[in-house]
Amino acid sequence: SLVVLFGATAGAYGAKLGSDERELILLVWQVVDLQNKKVGTLHKSLVKADNLDLSDQCREVSGLTPEGLGKAEPLDRVLQQFSQLVSSDLKVLGRSSYTLCSDGQLLIRQVLHPETSKKNFMLSDCFYSFYDLRKEFHTCYPSSAAVKDQTIKTMAEYLGLGTDEAEEDFGVWQVKTMVAIIFSMLSEGCNHVFTEPETVKHKYETGPCSKSETVDSETVIRARGLPWQSSDQDIARFFKGLNIAKGGVALCLNSQGRRNGEALVRFVNSEQRDLALERHKHHMGSRYIEVYKATGEEFLKIAGGTSNEVAQFLSKENQVIIRMRGLPFTATQEDVLGFLGPECPVTGGKEGLLFVKYPDGRPTGDAFVLFSCEEYAQNALKKHKEILGKRYIELFRSTAAEVQQVVLNRYMSTPLIPTLPTPIIPVIPPPYTIATGSVRDCVRLRGLPYTAGIDDILEFMGDATGDIKPHGVHMVLNQQGRPSGDAFIQMKSADKAFMVAQKCHKKMMKDRYVEVFQCSGEEMNFVLMGGTLNRSGLSPPPCKLPCLSPPAYAAFQTAAVIPAEAAALYQPQALLPSTRTPQASAAAPPTVTYYPAQAAQLYMNYTAYYPSPPVSPTTVGYIAAPPGAVAAAATATHTPILPQPGALVRMQGLPYNTGMKEILSFFQGYQYAPDDYNGLIQLSDQARSVLQAPKEWVCL
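The sequence shown begins at 1 in the UniProt record's numbering and counts up one residue at a time.
1. Spatial neighbours of S294 within its chain, please: CB distance less than 7 Å, with the 5 preceding and 5 following residues excluded, ordered by chain position.
2. Short check: CB of D456 to CB of M491, under 8 Å?
3. Return the CA-CA distance between S187 and H138, expressed in angstroms with no decimal places.
4. In three-state terms, what does DSSP make of S217?
5. Jot down the residue ranges of each uninterrupted beta strand (DSSP E) in the segment 57-125, minimum 3 residues, whole runs only, in chain order.
6. Roughly how many angstroms lie between the CA atoms of E334 and L388, to the nearest whole one?
7. Would you identify the three-state DSSP class for F313, choosing helix, strand or coil?
8. Rounding to the nearest angstrom, what Cα-Cα distance links T195 and M185 in this structure?
9. Would you grab the beta carbon distance between R95 and S1 for me? Rounded to a whole angstrom, and I think it's under 8 Å.
10. Just to confirm, are T199 and Y128 a CB contact at a threshold of 8 Å?
11. At what residues does the alpha helix (DSSP H) containing R482 begin and finish?
12. Roughly how many whole angstroms lie between the Cα atoms of V690 and G521?
13. What is the rounded straight-line gap between the Cα of P227 and the Cα of C252?
14. Three-state secondary structure (DSSP) at D463?
15. A8 and S62 - do their beta-carbons sit closer together than 8 Å?
16. In the structure shown, what three-state DSSP assignment does H384 receive?
17. Determine the burial state of P142: buried for a count of at least 16 other Cβ atoms within 10 Å of its Cβ, exposed for fewer.
18. Among residues of its own chain, excluding the 5 on either side of V356, which ones have a beta-carbon nearer than 7 Å to its beta-carbon?
19. With DSSP as the reference, please indicate the residues paired to K153 in a beta bridge.
20. List in chain order: all unbroken beta strand (DSSP E) runs of 3+ residues lying wholly within the UniProt domain "RRM" (320-400).
21. In this structure, how does DSSP classify C190 when only helix, strand and coil are distinguished?
22. Which word fits T637, buried or exposed, when buried means at least 16 other C-beta atoms lie within 10 angstroms of its C-beta?
23. By alpha-carbon positions, which one of K507, F460, Y450 and M499 ends up nearest to S484?
24. So, at 7 Å on beta carbons, what are the nonlocal neighbours of T237 in its own chain, with the 5 sequence-adjacent residues on each side left out?
25. I'd like to check one pair, A494 with L445: are the Cβ atoms closer than 8 Å?
26. With H138 as the anchor, note down where its beta strand (DSSP E) starts and where it stops.
27. List in chain order: all unbroken alpha helix (DSSP H) runs of 4+ residues lying wholly within the segment 203-267.
28. From the DSSP output, in three-state form, read off A497 for me.
29. In angstroms with no decimal places, state the Cα-to-Cα distance between C504 and R287.
30. Looking at P74: is its Cβ nearer than 8 Å to the Cβ of K48?
31. Let me know the secondary structure DSSP gives R444 once reduced to three states.
32. Which class does T295 belong to by DSSP, given the choice of helix, strand or coil?
33. How far does the alpha helix (DSSP H) with F667 in it extend, from its first residue to its last?
34. With a Cβ-Cβ cutoff of 8 Å, do S391 and G326 count as a contact?
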């Protein structure tokens, strides 16, 4: 028997059903006895949604009203009635088992499964197997339209069924027409047999992935904006109703081996991937998740691995993986098992533990643990931040892909902190620098067209172009490297800046008016570092504001020498105190200026100031120079800012009572300059006024 099922939500209808996360408001069904070609009673049930605000399309198509829905039963009650009424109809027809049959995939996969998952109740087993009438119809009638173009109406028209949609209630006509289509497919000319139903996986299956596997790029997506503590099971729940491949969730990590709020997800086929893309900006808790296409190569880069030790650890399937972080370097397997205790036994005892080590065999303080069931894993998570030895231990849910990524890609293959890249080179003559004083000799342009370039700005300023300082036009890009709509211009005097602001304010550039404000070099520098400048004064850089984590950035970019005429200047000395040299009275070295590679414009420094998710500290990228440029710069007469060889890191968020001893202890296990503790430089007040940070140290 089949149970022909039709439903509608309070939002989109047709091909976009379920794409807007709106709730189910209508279910209509009828039992069909395929053997005897009989039908049961047709049932129509309204569903009371939590949000009764109906879209215009829903009102127009269904004719339903919030008042009528307010008297209906909630979804869990309706599904109970569905099961009871179907069982009753089957008894009347003398049948015992049934399979659902719906018009396409959307009602089952994109509406029922996600909504019941969010409302925390289980669907009965019948909703994990169903027939897609569109696919069955195309199999029966190969000359009909493609499956994605089929609708109930087009299938009825192909068969010449004379049904009038206007004569029946919404939902009733659809079910009656679907039943008529099924009987036509069962006629002597076709004798169609329903044999291969669509299936929905009950649960996500974990498992390892080898780098030698072939992953179809049409089956992979990238999810962005995930809560940092989300696990593979949380992501599988977000995509409930869609079939994720075994071991198909790979959480992305940053260069410190910590989650960055992104994941790559591999589905069993391209059809499931396309349905997953329709969940773009659906919510996980209170956060919306962005969903984009990705490639198989990207997935293998994150999830692939070949280590025998990891493969053996992950060979036990259907295990819950917990990651432990902050273990004492002297911790043994017995210590970890004792810490977890008898209430959360580890699968296989010592075999269920995997310590992460550096290439030289030193422990990193991380370990992965296997548990046979959710109950044991929950007991283990309750020990989050309990003490082992003299250290508190962090515990998080983890995945097979994260095990491989941490053990293989992060620690076994490359050092945790990358070495300093090729030195950066000066590319602009020294006389031109960004002003830092309080004289208001600069102007800020806001609201520029995104296609505007430096030539457009010069044309916009007209006669005032002659009053611009050399190299005084600074285009500002956002964190994606795209125009932000802002620019700063250094004028020859404060009077000139005032005149330009008066003359050009709200003047049109292309199809937009541009706001022009007078400002100082100090204010300009502050905004270029990521702060904001408005009528209420200066606001701190974005690191002080709660917001979503940014897109992933490459650790290092490739530098290029940029023509001085079009370039914006960046003064790295603003970040550092005076150079540590014994020759205090010596002449100051020439100003050294650096440029990003992609464009002759200045990036807003979001790489340094845009916040990462919790426990995922931001990393500062460096700009590397090409080898040829380095060779040319080797003969230049300038003093490098960083001693070579060496690496510079900046620490943010330190307690105010932090001393040198605590910092050296924090970096235990990493190589620093042991004979030069002066490499710990506390930032000066002048530098901090630019950075607007509470307390920082710069370490050489």
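Glycine is no exception: its CB is placed at the ideal position from the N, C-alpha and C atoms. Since the model is a prediction, treat every value here as computed from it, not as a measurement.
The answer reads as follows:
1. Within the sequence shown, the letter at position 294 stands for residue 294. According to the sequence as given, residue 294 is Ala; it is not Ser. The answer, listed in chain order, is V220, I221, R222 and L264.
2. Residue 456 sits at position 456 when you count from the first residue of the sequence shown. Residue 491 sits at position 491 when you count from the first residue of the sequence shown. Between D456 and M491, the C-beta spacing is not below 8 Å.
3. Position 187 of the sequence shown, counted from the start, is the residue given in the question as residue 187. Position 138 of the sequence shown, counted from the start, is the residue given in the question as residue 138. Each residue's alpha carbon lies about 16 Å from the other.
4. Numbered from its first residue, the sequence shown carries residue 217 at position 217. In this structure, S217 counts as helix in the three-state DSSP scheme.
5. 99-102
6. Start at 1 with the first residue of the sequence shown, and residue 334 comes out as number 334. Start at 1 with the first residue of the sequence shown, and residue 388 comes out as number 388. If I take the Cα positions, the gap works out to 12 Å.
7. Locating residue 313 in the sequence shown gives position 313, counting from the first residue. Three-state DSSP puts F313 in a helix.
8. Along the sequence shown, one-based indexing puts residue 195 at 195. Along the sequence shown, one-based indexing puts residue 185 at 185. In a straight line, the C-alpha of T195 is about 13 Å away from that of M185.
9. The residue given as residue 95 occupies position 95 in the sequence shown. The residue given as residue 1 occupies position 1 in the sequence shown. Sure, about 4 Å apart at Cβ, within 8 Å.
10. Locating residue 199 in the sequence shown gives position 199, counting from the first residue. Locating residue 128 in the sequence shown gives position 128, counting from the first residue. Contact flag set, yes.
11. Translated into positions along the sequence shown, residue 482 becomes position 482. Unbroken run through R482: none, as it is neither H nor E.
12. Numbered from its first residue, the sequence shown carries residue 690 at position 690. Numbered from its first residue, the sequence shown carries residue 521 at position 521. Any reading at V690 must be qualified, since the residue scores a pLDDT of 38, below 50, and its modelled position is unreliable; the value itself is stated next. Each residue's alpha carbon lies about 12 Å from the other.
13. In the sequence shown, the residue the question calls residue 227 occupies position 227. In the sequence shown, the residue the question calls residue 252 occupies position 252. Rounded to whole angstroms, P227 to C252 spans 12 Å at the Cα level.
14. Your numbering for residue 463 matches position 463 in the sequence shown. If DSSP states are grouped into helix, strand and coil, D463 belongs with the helices.
15. Residue mapping note: residue 62 aligns to position 62 of the sequence shown, counting from 1. Residue mapping note: residue 8 aligns to position 8 of the sequence shown, counting from 1. Contact flag set, yes.
16. Against the sequence shown, residue 384 aligns to sequence position 384. Note: H384 maps to coil in three-state DSSP.
17. Reading the sequence shown from its first residue, position 142 is the one you call residue 142. Its Cβ having fewer than 16 others within 10 Å, P142 is exposed.
18. Taking the sequence shown and counting its residues from 1, the one referred to as residue 356 is at position 356. Taken in chain order, the residues that qualify are T364, D366, A367, V406, V407 and Y411.
19. Residue 153 sits at position 153 when you count from the first residue of the sequence shown. According to DSSP, which records beta bridges pairwise, K153 is partnered with nothing at all.
20. 320-325, 353-357, 363-371, 386-388 and 391-397
21. To locate residue 190, count along the sequence shown from 1; it is residue 190. The answer is coil: DSSP assigns C190 none of H, G, I, E or B.
22. On the sequence shown, position 637 is the one that residue 637 refers to. Confidence at T637 is low in this model, with a pLDDT of 46, below 50, so the placement of that residue is unreliable and no value is reported for it.
23. Numbered from its first residue, the sequence shown carries residue 484 at position 484. Of K507, F460, Y450 and M499, the residue nearest in Cα terms is Y450.
24. The residue given as residue 237 occupies position 237 in the sequence shown. Checking the sequence, you will find Arg at residue 237 rather than Thr. Counting only Cβ-Cβ distances below 7 Å, and skipping sequence neighbours, we find S117.
25. Walking along the sequence shown from the start, residue 445 turns up at place 445. Walking along the sequence shown from the start, residue 494 turns up at place 494. Against a cut-off of 8 Å, the Cβ pair of A494 and L445 comes out as no contact.
26. In the sequence shown, the residue the question calls residue 138 occupies position 138. H138 -> not in any beta strand (DSSP E); alpha helix (DSSP H) instead, spanning L133 to C140.
27. 232-238, all fully within the segment 203-267.
28. Taking the sequence shown and counting its residues from 1, the one referred to as residue 497 is at position 497. Reduced to three states, the DSSP call for A497 is helix.
29. The count along the sequence shown starts at 1 and reaches residue 504 at position 504. The count along the sequence shown starts at 1 and reaches residue 287 at position 287. Approximately 41 Å, taken between the alpha carbons.
30. Walking along the sequence shown from the start, residue 74 turns up at place 74. Walking along the sequence shown from the start, residue 48 turns up at place 48. Yes, the pair counts as a contact, with Cβ atoms nearer than the cut-off.
31. For the purposes of this step, residue 444 is taken as the residue at position 444 of the sequence shown. Of the three classes helix, strand and coil, the one that applies to R444 here is strand, per DSSP.
32. Position 295 of the sequence shown, counted from the first residue, corresponds to residue 295. Note: T295 maps to coil in three-state DSSP.
33. Working through the sequence shown from its first residue, we reach residue 667 at position 667. Counting along the chain, F667 falls outside any alpha helix (DSSP H), and DSSP gives it neither H nor E.
34. As a first step, residue 391 is located in the sequence shown; it is residue number 391 there, counting from the start. As a first step, residue 326 is located in the sequence shown; it is residue number 326 there, counting from the start. The question names Ser, yet the displayed sequence has Arg at residue 391. In this structure, G326 lies closer than 8 Å to R391 by Cβ.
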